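Undergrad: Quick note: the sequence shown uses this note's numbering, first residue 249, plus one each step. For glycine and all other residues, C-beta sits at the position ideal for the given N, C-alpha and C. Being a predicted model, the structure only gives us computed values, none of them experimental. Quick one: the structure is below, questions incoming.
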Amino acid sequence: MAKLLYSAAMSLDGFIAGPGGDMQWVAEFFGPNPEIDRLVPEIGALLVGRRTYGGDDPYRGTEAEGKAFGGAWEGPQFVLTHRPAAPKPGVTFVDDLHRGVEAAKAAAGEKYVNVLGATVARACVDAGLLDEVLVSVLPVLLGEGVRLFDRPGGPAVRLERKSATEAPLATNLWLRVVR
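Here it is in structure tokens:
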């Protein structure tokens, strides 16, 4: 059965997007990352938040604009929203977290369901559905923006390190949610 993996690039001070959801800051850190290169073929489906789906694209203005992982991945996407957008091939809009997770897992088969978006990741953690987290920590301090996890007052969630790897422009931390 598919596992739910939240993956994100993060500034050292804990932000995955800058103020207003700005993602342009991450573009200067694009480069070789063997951990991400190994992950991409293991992704069977995406579970995406509505703001992430319709938000700023770090590939804006390039041939990779609008493509997951800069075009390195293609497959079914499930967008969690109460505001569906215009239909697009391969994209399914769902309005319930559990139904969205079930549909994405069914589509992913034995591969990962990659969660994109801090709000969806938080909801998955709070519902006890998230299995793993992969964070590529980038050498920059953004100062403000969208946090990797923003759960004030939430209960502690214990994580166990699966691996820590270095790439030229990032340090990757792969963690498993301890249940």
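#1: Straight-line CA distance for V425 to A371?
#2: When you compare the CB positions of L386 and S259, do they come within less than 7 Å of one another, or not?
#3: With H, G and I counted as helix, E and B as strand and the rest as coil, what does DSSP make of E283?
#4: What are the boundary residues of the beta strand (DSSP E) that includes K359?
#5: So, with DSSP's three-state summary, where would you put E290?
#6: Alpha carbon to alpha carbon, how far is V405 from R399? Give it in angstroms, no decimals.
#7: Using only CA atoms, which one of L423, L421, R427, L417 lies nearest to V274?
#8: Answer with buried or exposed for M271, where buried requires no fewer than 16 other C-beta atoms within 10 angstroms of its C-beta.
#9: Cα separation between P306 and L364?
#10: Specify the secondary structure class of G269 as computed by DSSP and reduced to three states.
#11: Kindly list the residues whose CB is nearer than 7 Å to the CB of A356, restricted to its own chain and excluding five residues on each side of it in sequence; keep chain order.
#12: Looking at C-alpha atoms only, which residue of D343, E358, V339 is the closest neighbour of P244?
#13: What number of angstroms, rounded off, separates the C-alpha of G269 from the C-alpha of G393?
TA: Based on what the coordinates show:
#1: Taking the straight line from one Cα to the other gives about 14 Å.
#2: yes
#3: E283 falls in the helix class under three-state DSSP.
#4: Careful: K359 lies outside any beta strand (DSSP E) and carries neither H nor E.
#5: For E290, the three-state secondary structure derived from DSSP is helix.
#6: Our two residues, R399 and V405, have alpha carbons roughly 10 Å apart in a direct line.
#7: Of the listed residues, the one whose Cα sits closest to V274 is L417.
#8: buried
#9: 14 Å
#10: G269: helix per DSSP, three-state reduction.
#11: Within the same chain, A356 has close Cβ partners A250, G292, A293.
#12: The structure shown does not extend to residue 244, since the chain spans only 249 to 427, so no value can be given for it.
#13: G393 has its alpha-carbon roughly 7 Å from the corresponding atom of G269.
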